[in-house]
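J.: Protein chains in written order, with this note's numbering: chain H, 1 to 71; chain S, 101 to 171; chain E, 201 to 271; chain P, 301 to 371; chain G, 401 to 471; chain W, 501 to 571.
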């Protein structure tokens, strides 16, 4: 199923740099213009989406999940 | 209290571009090298941190909150 | 930008039943085969996606956000 | 401790179909009227709640965690 | 519907100290032995649960949502 | 990088009691005045922060992640 657009404002386009596969969850590191963005998804989804290093993806996150720190 | 470091791998340093203040929650738009990152935090925290447009901040998010989409 | 597929396993297709619009965040109630699924998104996203009652959408959520209770 | 009710609007009653147990986190797949809802919880909670395939449970999620996509 | 137990390990029992009601979301401040725990829930849930200052409640959060910082 | 302050209202200072290390994610149990607070973070972060039992840390969580139940 193709999705036209999603409500998520924070989208980071990049290339998968590395995958650490676990029994239930896996870490996917995506190289973006802002540096590496790390995502943790189920290993099932990893396989269903056929994610592999070098593949172009979008990492995204809901605004309500983003925190702010001052320096 | 000063924090030395946090476990959150995804940190985006930038400058506050715009704030939309609501009665309970507020939207903070942060201009980063990857574009605008949008955060929603309580209006109380907005005031306690004295956030204002132009102020330098870090937007951050836990890896378990980041999703992946293929193009 | 069209997205081919996302990692999120929990997808609920339905029709928007009601929208409660706030200054920063809005509530979107989606009628699905399992009943009403409630989503809270930024009012900016609501307008950008041009969401209105009657429109067909997919409500989705990451597996790490889902809790389990016993009866 | 018995809980009378919770604020979470999105509740999906169903039967556990499958469990994938990991060292720290486990995946619990719940068969509901809307299809399978996948939850990831700590393996400690899995054992404390004595979750097993066939057991009736409620999968639930906060509204702020639910995203919306258009087709 | 009464729930027997939930998978959420982090539960903080306390008394509601203050409520800030917004059009879509409301802030509920709960006084616990560790200090005030702040929760943001939909205003609909606030009314359905009939939450008011002085009422005893449990604030809870999934382990995957908890971050760690060093001092 | 030292962070001056963060927007997260819910902060629980305590001592690490136990760590369960997994291949991708690890569980960190922090003993606080309210009891044990459980956090799940990436094993990479665990190692980068050099977390070990006995170390003093702050467990924190965004208000939008906190749910409320009545008794």
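Virtual Cβ for every residue (Gly too), placed ideally from N, Cα, C.
So, residue 307 of chain P versus residue 445 of chain G, is the Cβ gap smaller than 8 angstroms?
T.: For the purposes of this step, residue 307 of chain P is taken as the residue at position 7 of the fourth chain. For the purposes of this step, residue 445 of chain G is taken as the residue at position 45 of the fifth chain. Result yes, Cβ atoms of residue 307 of chain P and residue 445 of chain G sit closer than 8 angstroms.
J.: With respect to the beta strand (DSSP E) encompassing residue 226 of chain E, which residues constitute its N-terminal and C-terminal limits?
T.: As a working note, residue 226 of chain E is residue 26 in the third chain. First-last of the beta strand (DSSP E) with residue 226 of chain E: 225 to 232.
J.: Touch check for the stretch 19 to 31 of chain H and the stretch 323 to 342 of chain P: three-plus C-beta pairs under 8 angstroms?
T.: Segments in contact, yes.
J.: DSSP on residue 404 of chain G, reduced to helix/strand/coil?
T.: Along the fifth chain, read from residue 1 onward, the residue named residue 404 of chain G stands at position 4. In the structure shown, residue 404 of chain G sits in coil (DSSP, three-state: anything other than H, G, I, E or B).
J.: Whose Cβ in chain S lies nearer than 8 angstroms to the Cβ of residue 422 of chain G?
T.: The residue given as residue 422 of chain G occupies position 22 in the fifth chain. Those are 122, 123, 124 and 125, listed as they occur along chain S.
J.: If you compare alpha carbons, which of P:350, P:354, P:359 and P:317 is closest to residue 234 of chain E?
T.: Taking the first residue of the third chain as position 1, residue 234 of chain E is located at position 34. Of P:350, P:354, P:359 and P:317, the residue nearest in Cα terms is P:359.
J.: Out of curiosity, what's the CA-to-CA distance linking residue 77 of chain H and residue 432 of chain G?
T.: The structure shown does not extend to residue 77 of chain H, since chain H is modelled only from 1 to 71, so the question has no answer here.
J.: Taking Cβ to Cβ, would you say residue 57 of chain H is nearer than 8 angstroms to residue 170 of chain S?
T.: Here residue 57 of chain H refers to the residue found at position 57 when the first chain is read from its first residue. Here residue 170 of chain S refers to the residue found at position 70 when the second chain is read from its first residue. Cβ distance < 8 angstroms, so residue 57 of chain H and residue 170 of chain S count as in contact.
J.: Specify the secondary structure class of residue 247 of chain E as computed by DSSP and reduced to three states.
T.: Counting from one through the third chain, the residue named residue 247 of chain E turns up at place 47. Correct three-state label for residue 247 of chain E: helix.
J.: What does residue 68 of chain H reach in chain S if we use C-beta pairs closer than 9 angstroms?
T.: The residue you call residue 68 of chain H lines up with position 68 of the first chain. Under the 9 angstroms cutoff, chain S gives 116, 128, 130, 139, 141, 145, 146, 149, 151, 157, 158, 159 and 160.
J.: Identify the continuous beta strand (DSSP E) that holds residue 442 of chain G and give its terminal residues.
T.: Here residue 442 of chain G is taken as the residue at index 42 of the fifth chain, counted from 1. Looking at the DSSP string, the run of the beta strand (DSSP E) that includes residue 442 of chain G is 435 to 442.
J.: Using a Cβ-Cβ cut-off of 8 angstroms, state whether residue 34 of chain H counts as contacting chain P.
T.: For the purposes of this step, residue 34 of chain H is identified with residue 34 of the first chain, where counting begins at 1. By this cut-off, residue 34 of chain H is not an interface position.
J.: Using beta carbons (cut-off 8 angstroms, strictly below), is residue 363 of chain P in contact with chain E?
T.: Translated into positions along the fourth chain, residue 363 of chain P becomes position 63. So, interface residue.
J.: Determine the chain G residues that contact residue 107 of chain S at a beta-carbon separation under 8 angstroms, and present them in chain order.
T.: As a first step, residue 107 of chain S is located in the second chain; it is residue number 7 there, counting from the start. 467, 468 and 469, listed in chain order.
J.: Less than 8 angstroms between the CB atoms is what I'm expecting for residue 112 of chain S and residue 130 of chain S, so what's the real figure, rounded?
T.: Within the second chain, the letter at position 12 stands for residue 112 of chain S. Within the second chain, the letter at position 30 stands for residue 130 of chain S. About 7 angstroms separates the two Cβ atoms, so the contact holds.
J.: Have a look at residue 268 of chain E and residue 219 of chain E and give me their C-alpha separation to the nearest angstrom.
T.: Within the third chain, residue 268 of chain E is the residue found at index 68, counting from 1. Within the third chain, residue 219 of chain E is the residue found at index 19, counting from 1. The straight-line gap from Cα to Cα measures roughly 27 angstroms.
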